[in-house]
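One line per chain: the protein sequences are A and B, in this order.
Throughout, this note's numbering is defined as the position within the first sequence, counted from one, plus 51.
Throughout, this note's numbering is defined as the position within the second sequence, counted from one, plus 10.
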Amino acid sequence: MPHEWCYYMWKCHRRKKMTESKLDLLQGTLDLLVMQTLATMGSLHGYGIARRIEQVSGDEILLNQGTIYASLVRLQQRGWISAEWGTSDNNRRAKYYALSKAGQKQLAKETANWERLSAVISRVLSASVGS
Amino acid sequence: MSVFRRRKLDDDFNEELASHIDMATEENIRTGMSPQEARRQALIRFGGVEAAREMHRDARGLPLAENIALDARYAFRMFRKNPGFSLAIIVTLALCIGANTAIFSMLDALIFKPLPFPESDRIVSVYNQDRVDPDGKRGSSIPQFLDFKENVDTFEYLALWQIHESTLVLENDAFRYPGASATSEIFDVFGLNPVLGRFFSKENERTGNGREIVLTQRFWKSHFQEDPGVIGSTIQLNNTIYEVVGIAPEIFESFNAQPLFIASRRWTPPVNNRYCIDGVILGRLKRDAAIGVAAAQMTVLEQQALDNVSPDFQKYIERDKYTVGADTLQSIRVDPDLRLKLYLLQVAVLFVLLIGCVNVTNLFLSRSNARQGELAVRVALGSGRRAIARQLLVESFLLTGLGASLGIVFAICIIKTINVFTAQLLPKSLPFSIDGRLLAVTALIAILISLAIGLFQVFHVFGSNLLALTKNQSGRTSSGRSLRTMSGGLVVAQTAITLVLLIGGGLLVRSFANLLSVDPGFNPQHLITACIQLPYDYRRDNREQEFRRRLEDSLREIPGFRSISLAVTIPYNSEVPAATIGFTLQDYEQPGSRKPSQHLYYAVDSTYLETMQIPLIEGRWFNAGDTADSRPVCVVSRDFVRQYVSGGSAVGKRVAFHRSIPEEEWWEIVGVVGSVRDLSLEENQDHSSLPAIYLPVQQQKLWPLSMISVTIRSPRPAPEVIALVREKVKEIDPLLPLFRTGSMKNFISTSFSERRMIMVLLCSFAGIALILSAVGIYGVLAYDVSNRTHEIGIRGAIGATNKQIIAMVLRQGLWKAGIGLLIGVVGAFYLSRFMTSLLFEVKPIDPLTFVLVPVLLLVVAILASYIPARQAARVEPASSLRTE
C-alpha cells in the first residue's frame, strides 16, 4: 500500500508541477539564495549551486538554471563572491565560486532584512484576515 | 584591446556552460536515461542557452574604457552638430590656458625651477651690509676674499667672481665682449666638469704664472665653430695673452648667461684696500654647514678687521651695524623688483583664465538647459546617474583637452615673442621654453578646469528633477531660476575681475605716458654716442691725453659733425653709471642725518654742453683754460642749487668730495646748467632725480681717462656716423674696438623696454579679459532672449513698443554689469597699492584712471547688451506665438 500511495503522490506532484505556477524569483532574491547556498555548502560550481537550490526548495522554485550565471556575475562584480577554475570529482574542469568576507557580511544583512520584511508582511496579512 | 578581452570572457563562459550541461547530462544518465535523452533533458532544465549567454553579457556590462570610448564618440557627434558652441569654448580655453602657460614658463625658469647644479642649495653669494648705508648689499674685496678663504672653515670652496666687458682680439680684429674673471675654485663652487679640456689650474694661481681662460659653450659654438683645436691656443684679452684651457658646460649659463668667457683672476700686490669692491664672493658650503654659521664667522672676521682701519674711516662705519651675510644663489636669482612684476603678470593672467572659465561654464550651463529633455529621456530608458555624469565629464574633458592642446601651441608663440623682447631685458637668463614641467602643469590645470566644469554641470543637472522635465522638452518655461541667478552671478564676477585688470593696465599706461613726456634736459635728436676703453698700456705710458686729442681733431675733420664731445661718464650710455658720491658744500650744513647727501657725478669736457644742448643758466661752462694745472672748477645743475643753496647764487661757492682736503684745493662752482633726467637710473627712483655736479675730465680724479664716451651731434644717419668714427679710431689704433654704439634716442627708448613689456603684456591681458567679458554678457543675454521669445512675443502683442522691449533687455544686462563695476572698483582700490613700485609719478588711486576705465567698461557692456536687445525687438509677436 505505501508503494501505491507514493506513486499516487508522485503523480499528483508532477501534475502540480505542470498546472500550478511556481513562485517566480526576483533577481535580488536569487542572489540571496546563491549566497546562502555558498555559505552552507562552501565552494561550489554553478551547476552544483543550481541543483542545490532546486533540492532545498523542494522543487518549488521555477529556475532556469542558466539564470544562475547572470546572478553569479553580478555577485562577482560587487565583490561578494570569488571565482576560480578547478576540477570536479569526476575530473571535469569547472569554475568554483566561494563566498568572500564581504559577501558573508552582506548575506547576514540581507537575511536579517528579509526576515524582518516577511515578519511585517505576515503580521499585516494576519491582522487584516483576523479582524 | 577590449575586443579580445570580450572574446576571452565569452570563451570562458562557454566552457563553464559546457561543463554545466555535461554534469547535468551525467546526472541524468545515472537516473537511467539514455545519453541523448539525458542531454536533451539537461538542456531543457538549463533553459535557453543563448538567452543565458546574453544575460551573462548584460550582467558583465561593458568595461569602463569601452564606456568612455562610446561617450567620447557621442560627445564628438554633439560637437559637430554645434560647431559654434564647441569652437567658442575651445578658442576661449586655448587663449586663457596658453597665456597662463607662457607667463608661468617665465616664472618657472627664473624663480621656481631649482638651479641645475649639484646640490644647488649649498651655493651661496656673500655680501657686505652696513645697516646705516641705504645702498643695501655690497660686493666684496680681494683682501676680504683672501681673509675668508683662509679663516672661514664652513666653506668647501670659495671663489671671487666679477663681470666686466673686455677687449678681445680675434683674427686681428678687436671686439668688446662681456666676460667674467674668477679665481680658480669657481667651477668647483658650481660642481661642474668641463665639456672639453680642463678648468683653471690651482698651481698656476698659486705661482701667479700662466693666465688661463675658459670659454662658454655658447661662445665656442658661435665664434669657434666647436673646433676642439681651440684648446691650447691663445687669445689676447685687454692686451694680455691668455691660454684657452677648456670649455664650460651649457648649464653654467643658468647662473649667468651674459659672459662669453671666464678669465682667470690674478692680482699683483699691493691690492686695493679692504673697502673697495672687486667682485662677488661665491661659495659652496660644506655638507652639514649652516648658512647662518658661515655668515656669523665672516661677520666676526670683518669686525676684527675694522680694528685696523684709520680712525677717520672708523667714524663712517658703526662697527656693530657692519655685517657680512650670505644668500643662497636660488634666492637672489631674480631681484625683488622683477619678481614683483612677474607675480603681477601671473596674477593678471590667472584672472583672465578665471574669466574664461566663467564664460565656458555659462556656455555649458545654457546648453545643459536645452539638454534637460534629452537627459531626462535617457534616465527614463534606464541610464543610471553614473552613466550620465560620466557622459558630462567626458564631454567637458574632451573640450578642455582640445582647448589646452591648442593653448600649448599658442603658448609657444607667445614665448617666442617674449624671448625676442627680453633678450635685452634679462640677459642673465637662458631663453624661455616649454619643457616637461610646464606641460605637466598645463595638463594639471586642464584637468582641474574640466573637473570643475564637469562637476558643475553634473550638480546642476541632478539638482533639478529630471523626470518631471520630460514633459517640457522645448525648455521655454524651464529656464530655471537657479540657472538665471547663477549665470547672472558669473557675469557680475567677470565684470568685476575685468575692471580690476583694466584699471591695472590703465595705471601702467599712464605711468608710461608720464615717462615718455619727461623732459630729458638735453636734446636727444641727432645725437649719437659710442664708448671706447683704452687699454692699460695707454695709462702706463701716459698716452691717454694724446689719444683724446688726436681723436677729437680727426673727428672734427669730418663734415656734418656739428659738435663733438669726449667725456668720461654721460647719461644713458656710459661704461659705468654716473657715481653717487657724498660731498661737502661751503656754508651748507647737513641737516644732521647720517646719510651723506648724494649727487650724480659726471666727468665731461668743454664741448659737452653745446653737444648735448643743455641750457646754461648762470656763470660759465668749462673752457680750454681749465686744465689739470689750473684751479679746480665745477659746474652744478639747477636741482643742486634748488636743494642746497638757499639764498644767493651758487657761483663762487666751493665744494669738496673728501673731508680731509685742505680748503685751497676745494672745487669752485663756476656755473649753473639745466637739470638732466637720466631715466636709465630710474629703477633706483631716487637716483634719476638727484642733482648733478659736472667736473672737467682733466681735473677730476675719480675715473681714469681711459674711459671715453664719444658724443656727436650730426644730422647724418646714425650707422653712417658710427662707421666713420670707427674708421677714425682704427686709424689711430687698429686694435681698439668701438662698443655700445647707437643713437641717443635708441638708448633712451631701451631704458624703457622693461616697463614697456610689462605694460604691453598687462594691457593685452586686460584687453582679452574685456573681450571675453563682452562676449559673456552678450552670450548670457542672447540666450536669455532666445528662451523668452514666447514671452516677448506676448509683450509685443499686448502693445509693448520696440523701445520698451530694448530697454527691458538692456536693463537686465546693465544691472549685472553695474554691480560688477562696483565690486571691481572696490577691488581695484584695495589691490592697486601692490603696484606702487611699478608706477611712475602716478598715485595708486589715480582719479583719472578710476573714472575713465569704468566708463569704458560700461560703454562696452551697453554695446554687448544692445545686440541681443535689438534681436528681441525684432521678434514678431505672431510668429513667436505660433511656434509651439
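For each residue, glycine too, the CB sits at the ideal point set by N, CA and C.
Closer than 9 Å at the beta carbon, the chain A residues around residue 57 (chain B): Within 9 Å of the CB of residue 57 (chain B), the CB atoms of chain A belong to 114, 115, 116, 117, 118, in sequence order along the chain.
Residue 335 (chain B) versus residue 285 (chain B): straight-line alpha-carbon distance, rounded: Between residue 335 (chain B) and residue 285 (chain B), the alpha-carbon positions lie close to 16 Å from each other.
N- and C-terminal bounds of the alpha helix (DSSP H) containing residue 165 (chain B): Counting along the chain, no alpha helix (DSSP H) covers residue 165 (chain B); the unbroken beta strand (DSSP E) around it starts and ends at 165–180.
Where the beta strand (DSSP E) through residue 646 (chain B) begins and ends: Residue 646 (chain B) -> beta strand (DSSP E) spans 643–647.
CB contact below 7 Å: residue 62 (chain B) versus chain A: Judged by the 7 Å Cβ criterion, residue 62 (chain B) is in contact with chain A.
Where residue 420 (chain B) sits in the DSSP three-state scheme: Helix.
Within 7 Å, strictly: CB atoms of residue 834 (chain B) and residue 875 (chain B): Going by C-beta atoms, residue 834 (chain B) is not nearer than 7 Å to residue 875 (chain B).
Residues near residue 786 (chain B) in its chain [Cβ-Cβ closer than 7 Å; skip 5 each side]: So the qualifying residues of the chain are 368, 369, 372, 501, 504.
Rounded separation between residue 32 (chain B) and residue 385 (chain B) - CA only: Cα to Cα, the separation comes out at about 47 Å.
Per-residue burial, residue 406 (chain B) [other beta carbons within 10 Å of its own, 16 or more giving buried]: Classification of residue 406 (chain B): buried, given that the 10 Å Cβ count is 16 or more.
Per-residue DSSP class, three states only, for residue 811 (chain B): Coil.
Chain-ordered residues of the stretch 131–153 of chain A with a beta carbon less than 9 Å from chain B: Close to chain B, meaning a Cβ-Cβ distance shorter than 9 Å, are the following residues of the stretch 131–153 of chain A: 136, 139, 141, 143, 144, 145, 146.
Proximal residues of chain B, C-beta to C-beta of residue 97 (chain A) below 7 Å: Within 7 Å Cβ-Cβ: 26, 30.
C-alpha gap between residue 838 (chain B) and residue 769 (chain B), whole angstroms: Their backbone Cα atoms lie some 17 Å apart in a straight line.
Span separating the alpha-carbon of residue 719 (chain B) from that of residue 570 (chain B): Each residue's Cα considered, the two are about 19 Å apart.
Residues that residue 124 (chain A) contacts on chain B, provided the C-beta gap is smaller than 7 Å: Result: 66, 69, 70.
Under the three-state DSSP convention, the category residue 364 (chain B) falls into: Helix.
Option nearest residue 684 (chain B) by Cα separation, candidates B:671, B:337, B:645: Relative to the Cα of residue 684 (chain B), the nearest Cα in the group B:671, B:337, B:645 belongs to B:645.
Helix, strand or coil at residue 612 (chain B) [DSSP, three-state]: Residue 612 (chain B): strand per DSSP, three-state reduction.
7 Å Cβ shell around residue 801 (chain B) - same chain, five flanking residues per side excluded: For residue 801 (chain B), where only same-chain residues beyond five positions count, there are no Cβ hits under 7 Å.
Interface residues of chain A facing residue 36 (chain B) [CB-CB closer than 9 Å]: Those are 141, 143, listed as they occur along chain A.
Given 8 Å, three or more beta-carbon pairs between the stretch 656–664 of chain B and the stretch 562–581 of chain B: Two segments are said to touch when three or more pairs of C-beta atoms, one from each, lie closer than 8 Å; by this definition the stretch 656–664 of chain B does not touch the stretch 562–581 of chain B.
Residue burial classification, residue 419 (chain B) (beta-carbon count within 10 angstroms, cutoff 16): Result: exposed.
CA nearest to the CA of residue 754 (chain B), picked from B:746, B:736, B:725, B:777: Closest in C-alpha terms to residue 754 (chain B), from the list B:746, B:736, B:725, B:777, comes B:725.
Closer than 7 Å to chain A by CB, residue 33 (chain B): So, interface residue.
Burial state of residue 836 (chain B), where buried means 16 or more other Cβ atoms lie within 10 Å: Taking all protein chains shown into account, residue 836 (chain B) has fewer than 16 neighbouring C-beta atoms within 10 Å of its C-beta and is therefore exposed.
Residue 140 (chain B) in three-state terms, based on DSSP: Reduced to three states, the DSSP call for residue 140 (chain B) is strand.
CB contact flag (residue 112 (chain B), residue 425 (chain B), <7 Å): In contact: residue 112 (chain B) and residue 425 (chain B) (Cβ atoms closer than 7 Å).
Sequence ranges, alpha helix (DSSP H) only - wholly within the stretch 209–292 of chain B, length at least 4: Within the stretch 209–292 of chain B, the alpha helix (DSSP H) runs of at least 4 residues that lie entirely inside it are, in chain order, 212–217, 227–234.
Identity of the residues DSSP links to residue 541 (chain B) by a beta bridge: For residue 541 (chain B), which the question treats as bridged, DSSP gives the partners B:719, B:749.
Sub-7 Å separation of residue 509 (chain B) and residue 780 (chain B) beta-carbons: No, they are not a contact pair.
Heavy atom of the ligand FMN within 6 Å of residue 168 (chain B) beta-carbon: Although the ligand FMN was asked about, the structure shown includes no ligands whatsoever.
Beta-carbon gap between residue 126 (chain B) and residue 190 (chain B) smaller than 7 Å: For residue 126 (chain B) and residue 190 (chain B), no; Cβs fall outside 7 Å.
Distance between beta carbons of residue 252 (chain B) and residue 221 (chain B), contact taken as under 8 Å: So it is a contact: roughly 5 Å between Cβ atoms.
Residues of the stretch 158–171 of chain A whose Cβ lies closer than 7 Å to any Cβ of chain B, in chain order: Here the close residues number zero.
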